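Beneath this line is the structure, given in structure tokens, with notes to follow.
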Amino acid sequence: MRLMVSGGGTGGHIYPALALIEDLMEKEPDSKVLYVGSTRGLEKNIVPKKGIPFKELKIQGFKRSFSLSSICDNFKTLYLFLKSVHESKKLIKQFKPDIVIGTGGYVSGAVVYAAAREHIPTMIHEQNSLVGLTNKFLSHFVDKIAIAFHMAASQFPKDKIVFTGNPRAQQAAHIKSNFSWSEYGLDPNTPTVLIFGGSQGALKINSATMKAIPEFNQKPYQVVFVTGQKRYDYVKKQLANVKVGKNVIVKPYIYNMPQVLPKVSLIVGRAGATSLAEITALGIPSILIPSPYVTADHQTKNAMSLVKRGAAEILTEKDLTGKRLVNMIDDLIDNRSKLQKMGMNSKKLGMPDASDRLLKVMNSLIKNNK
Ligand SMILES: CC(=O)N[C@H]1[C@@H](OP(=O)(O)OP(=O)(O)OC[C@H]2O[C@@H](n3ccc(=O)[nH]c3=O)[C@H](O)[C@@H]2O)O[C@H](CO)[C@@H](O)[C@@H]1O
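Position 266, counted from 1, in the sequence shown is what UniProt numbering calls 266; the numbers after and before it change by one each time, with no gaps.
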């Protein structure tokens with residue numbers, strides 16, 4: 001298969017694409033892949049590290065306010081979009097993909113739109129329960145729309161929908177992890193809580209965690225606190241005069257998350273769709289703190305789909321304090337049977353064959369196009 005993939009901005013759009021590529025290369029090793037990302041997103045750091053051919057386009061998002069500067073910015077956005085469509089068409093002519101798939105983020109808007117105009121089979125993958133702006137736009141042009149939450153179905157043209165789940169779930173579920181907490185200087189046999197605010201880190205989660213550290217130091221469990229790359233220096237500065245116990249580790253980012261996750265006892269984090277796909281694929285109990293800053297509060301909807309099934313607990317950002325965080329973690333870690341039940345409920349929601357399902361649809365689209 002000659003696969004062109006585009007997805008960018010944040011990890012939630014990038015990792016599903018990478019998981020799909022990994023599965024394709026395992027099943028069809030002669031395949032050729034080109035990843036098209038943006039000059040500004042995280043993909044620029046993540047994708048080339050995986051040895052995947054990468055091209056970048058300059059693109060930006062629309063501003064939703066009506067101030068003069070936003071209007072000017074939106075003209076620039078439109079210009080960059082049209083330019084990116086033009087450049088995508090050139091890339092398509094050179095690479096000659098059998099199929100183009102978009103996993104969200106502004107850059108995928110230009111690439112997938114260009115592919116549809118060039119009559120290449122196209123598909124988008126929507127990770128969330130509430131549909132993003134780019135995928136809403138692309139839904140009018142693509143051949144198929146893969147979704148990971150049933151709730152997303154009503155927001156797209158019915159005849160194009162296929163329910164596949166998120167490919168990152170399959171990657172997380174099937175990995176043979178040889179990771180050990182001893183690599184972080186921790187004890188491999190002590191329950192370990194992983195705290196992180198999505199792929200970019202979250203200010204409020206970071207401040208609550210910093211306040212909780214003096215209490216964490218006394219606990220019979222371990223805490224791995226991931227700040228987000230950009231927020232690491234600030235957190236380290238704030239912690240300069242705080243005693244951080246041997247059972248607490250502070251890290252900017254984890255690059256081998258699928259290896260690490262199977263060893264986690266409890267997750268505290270945002271409710272980004274790709275994180276939830278991983279959590280449920282592995283059946284990890286979680287305390288979810290949805291970001292209130294995302295479109296249409298979609299993380300609360302994502303989180304509630306787990307909470308309703310007893311697979312997670314929710315903590316709203318307005319109720320988030322260091323003390324509350326510690327209490328909720330203690331309550332679960334101290335109550336093994338509650339934790340175990342939550343894990344089992346979480347696993348029931350997992351989609352451990354998501355990328356197989358996606359590949360199947362992609363292959364049938366390609367076949368029908370020949
Ligand atoms: C603020 C924002 O717009 N967030 C959106 C973004 O979240 P975000 O990019 O944070 O996405 P998710 O939480 O869904 O996924 C994060 C991904 O990054 C990985 N990871 C994270 C931290 C780390 O140190 N190492 C690492 O590898 C996780 O394992 C996961 O695969 O995309 C998601 C999927 O469309 C949306 O649901 C979120 O609402």
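All residues carry an ideal CB built from backbone N, CA and C; glycine is no exception.
Note that this is a predicted model, so its numbers are computed, not measured.
Starting from residue i and walking both ways along the beta strand (DSSP E), at which residues does that stretch end?
i: F225; result: 222-226
i: S154; result: Premise fails: S154 is in no beta strand (DSSP E) and is neither H nor E.
i: S286; result: 286-288
i: I195; result: 192-196
i: T122; result: 122-126
i: S6; result: 2-6
i: V100; result: 99-102
i: V268; result: 266-269
Taking residue i and residue j to be in contact with their CB atoms under 8 Å, please state how far apart those CB atoms are, rounded to whole angstroms.
i: I279; j: S346; result: 6 Å
i: P121; j: I99; result: 5 Å
i: F163; j: I147; result: 6 Å
i: G104; j: G41; result: With a Cβ gap of about 11 Å, G104 and G41 do not count as contacting.
i: S6; j: V107; result: 6 Å
i: K251; j: V224; result: 7 Å
i: T77; j: F62; result: 5 Å
i: I287; j: L315; result: 6 Å
i: F54; j: Y79; result: At roughly 24 Å, the Cβ-Cβ gap does not stay under 8 Å, so F54 and Y79 are not in contact.
i: Y221; j: I101; result: Not quite, the Cβ-Cβ distance comes to about 40 Å (not below 8 Å), so this is no contact.
i: F216; j: V248; result: 5 Å
i: S177; j: P188; result: Their Cβ separation, rounded to whole angstroms, is 12 Å, which puts S177 and P188 out of contact at 8 Å.
i: G343; j: G283; result: 5 Å
Assign residue i to one of two classes, buried (16 or more other C-beta atoms within 10 Å of its C-beta) or exposed (fewer than that).
i: T190; result: exposed
i: K144; result: buried
i: Q218; result: exposed
i: H119; result: exposed
i: P258; result: buried
i: Y293; result: exposed
i: T209; result: buried
i: L68; result: exposed
i: T274; result: buried
i: S70; result: exposed
i: D233; result: exposed
i: H150; result: exposed
i: R64; result: exposed
i: H13; result: buried
i: residue 412; result: It is not possible to answer for residue 412, since the shown part of the chain is limited to 1 through 370.
i: Q171; result: buried
i: Q298; result: In the sequence on display, residue 298 carries His and not Gln. Result: buried.
i: N368; result: exposed
i: F156; result: buried
i: Q238; result: exposed
i: S305; result: buried
i: L82; result: exposed
i: A336; result: It is Arg, not Ala, that sits at residue 336 in the sequence shown. With fewer than 16 other Cβ atoms within 10 Å, it is exposed.
i: N302; result: buried
i: G350; result: buried
i: G201; result: buried
i: N135; result: buried
i: E183; result: exposed
Could you spell out where the alpha helix (DSSP H) holding residue i opens and where it closes?
i: A146; result: Counting along the chain, A146 falls outside any alpha helix (DSSP H), though it belongs to the beta strand (DSSP E) covering 144-147.
i: K358; result: The question names Lys, but residue 358 in the sequence shown is Leu. Run containing L358: 354-369, per the alpha helix (DSSP H) assignment.
i: I161; result: No alpha helix (DSSP H) holds I161; the beta strand (DSSP E) holding it covers 161-163.
i: K251; result: Looking at the DSSP string, K251 is not in any alpha helix (DSSP H); the run it does join, the beta strand (DSSP E), is 248-251.
i: H298; result: 298-307
i: R231; result: Neither: R231 is in no alpha helix (DSSP H) and is coded neither H nor E.
i: L133; result: 133-138
i: A110; result: 106-117
i: T274; result: 273-282
i: D330; result: 322-333
i: L339; result: 336-348
i: F179; result: Element bounds for F179: n/a, residue is neither H nor E.
i: V244; result: That residue, V244, is in no alpha helix (DSSP H); it is neither H nor E in DSSP.
i: V260; result: 257-260
i: S207; result: 203-216
- Completely contained alpha helix (DSSP H) runs for the segment 38-80, where each covers 4 or more residues: 43-46
- Message: Going residue by residue through the segment 5-36, where are the continuous alpha helix (DSSP H) segments of at least 4 residues, counting only ones entirely within it?
- Response: 11-27
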